[in-house]
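A short write-up of the structure that comes next.
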Amino acid sequence: MIKDGFLWVLRLLVGGLFIFSGLIKVNDPVGTSIKLEEYFDVFSNDIAGFFAAFEPFALQIGVFLVVVEVVLGVMLILGVKSRFTVWALGLMILFFTFLTFYSAYFNKVTDCGCFGDAIKLTPWESFYKDIILLVLITILFLFRDDLPDSSPMWANGLVVLVLISSLVLSILAIRNLPFIDFRAYKVGVNIPQAMEPSAPLLYSYVMKKDGETVILDSYPSDESYEFVEMNIKNPENLPKISDFAVWNENGDYSAEMFNGNKVAILVSSMPKMDDSNLEQIDALIASLRNSPIEVVFVAAATEEEITKLISERGWGITGLQADATVVKTIIRSNPGIMILKDGEVLSKYHHNNTPEAGEVLDLFMK
1 MIKDGFLWVL RLLVGGLFIF SGLIKVNDPV GTSIKLEEYF DVFSNDIAGF FAAFEPFALQ
61 IGVFLVVVEV VLGVMLILGV KSRFTVWALG LMILFFTFLT FYSAYFNKVT DCGCFGDAIK
121 LTPWESFYKD IILLVLITIL FLFRDDLPDS SPMWANGLVV LVLISSLVLS ILAIRNLPFI
181 DFRAYKVGVN IPQAMEPSAP LLYSYVMKKD GETVILDSYP SDESYEFVEM NIKNPENLPK
241 ISDFAVWNEN GDYSAEMFNG NKVAILVSSM PKMDDSNLEQ IDALIASLRN SPIEVVFVAA
301 ATEEEITKLI SERGWGITGL QADATVVKTI IRSNPGIMIL KDGEVLSKYH HNNTPEAGEV
361 LDLFMK
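At position 254 of the sequence shown the residue is numbered 254 (full-length UniProt numbering), and the sequence of numbers has no breaks.
This is the structure:
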């Protein structure tokens, strides 16, 4: 009886964690695909070149993994095909443990994306989390014969429903934007304010003197101290945004982006840009031409590529360059649209939902 209760608690804990992790990534499968692309790129350079072949399919692989995470978690809790579920979870956690160990040990991918952008873990924290899960799943595996060997029809039906729902939600998040935005550039954020510390930063100084190590709250004036390292004491007050920058051949344009009313057309990759809704973007830009709103084009591309696209589309707007990672962090759409008022994010749009000029003007009137 005690063993059954213990195994039930393990099933609930492990299954619940997989469901939680999976649902966060179902909310943002594009973010998962970006993380997988990072891993494939690293592995293709460090382990074997064939990993590069997976990069074009990162989105499909990401959707498969996040849906499987949710479904296996539900199956474990409900006792549906328990032996198969424990085997599958074991193989999955072995795969994740390898990824997080590689990231931590070689410092290659500094954020595993285990919980998307909702909960940030360091590479070693991610690895330790996977080790704990590996131990728990190993216990379930050793006692797999004591797990339910059959399940009621309603449980099987619920698993199918969860599978379909997770897949549909993933597709909706891809074709639109994440239902919940956990990133630093979410609607309501004032970007220039987020680029500043939320409170004065405090540091401690590790010094050596006479062979002894001491930690001081201020840098000593005594020159006999030997500096070892400086550590921040309140990292929670660090700027939430530290990498925003846009520029063109005329210089840095970042500060100008935070002045007045702006509509930014964002592209994270010119070769991968979806051109299916460029006509709607054309119409939006044309409609705003004589309004008090400045439209700018921001792309992770060369000056020549940006100028060429602006000229071909007849946009007649300012073109700016940006880092691809920053653009991908701002919006999970290529192209995408961000509305700014004095640096505050008023709204963001997937290109499938390109707004009309009237909708944009209404945002600035609120």
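No residue lacks a Cβ here, since even glycine has one placed at the ideal position from N, Cα and C. In this text the structure is predicted, and so the values were computed from the model without any measurement.
Selected residue, minimal CA-CA separation from Gln280, among Leu13, Arg313, Asp252: Arg313
Sequence-distant residues of the same chain with beta carbon closer than 7 Å to Gly319, five excluded per side: For Gly319, the CB contacts under 7 Å within the same chain, skipping 5 residues up- and downstream, are Asn248, Phe297, Ile306, Thr307, Ile310 in chain order.
8 Å contact criterion, which Asn261 and Ile293 should meet: CB distance rounded: 4 Å
Expected contact under 8 Å - CB spacing of Val295 and Ile265 to nearest Å: 7 Å
Unbroken stretches of the alpha helix (DSSP H), 4 residues or longer, contained in the region 239 to 319: 254 to 257, 278 to 287, 303 to 313
At least 3 beta-carbon pairs within less than 8 Å: the region 179 to 199 vs the region 335 to 352: yes
Complete alpha helix (DSSP H) runs within the UniProt domain "Methylamine utilisation protein MauE" (5 to 142) (minimum length 4 residues, chain order): 29 to 46, 58 to 78, 82 to 106, 123 to 142
Opening and closing residue of the alpha helix (DSSP H) in which Asn156 lies: 153 to 175
For Lys208, the three-state DSSP class (helix, strand or coil): strand
Residue nearest to Met270 in terms of C-alpha spacing, selected from Ile132, Gln321, Asp146: Measuring from the Cα of Met270, the nearest candidate turns out to be Gln321.
Cβ pair Val70, Val14 closer than 8 Å: no
Simplified DSSP state of Lys233, which is helix, strand or coil: coil
Inter-stretch contact at 8 Å, needing at least 3 Cβ pairs: the region 35 to 44 / the region 125 to 144: no
Cβ-based burial, Trp315 [other Cβ within 10 Å; buried from 16]: buried
Among Ser166, Ile137, Phe95, nearest to Phe20 - alpha-carbon criterion: Ser166
Whole-angstrom distance between Tyr102 and Phe142, CA atom to CA atom: Note on residue identity: the sequence assigns Leu, not Phe, to residue 142. If you take the alpha carbons of Leu142 and Tyr102, they lie about 27 Å apart.
Unbroken beta strand (DSSP E) run spanning Glu344, endpoints: Its beta strand (DSSP E) spans residues 344 to 350.
Anticipated Cβ contact below 8 Å, Lys328 with Ile34, distance rounded: A Cβ-Cβ separation of about 6 Å places Lys328 in contact with Ile34 under the 8 Å criterion.
Cβ-based burial, Pro200 [other Cβ within 10 Å; buried from 16]: exposed
Beta-carbon contacts of Met75 that lie in its chain and below 7 Å, excluding the five residues immediately before and after: Lys81, Thr85, Val159
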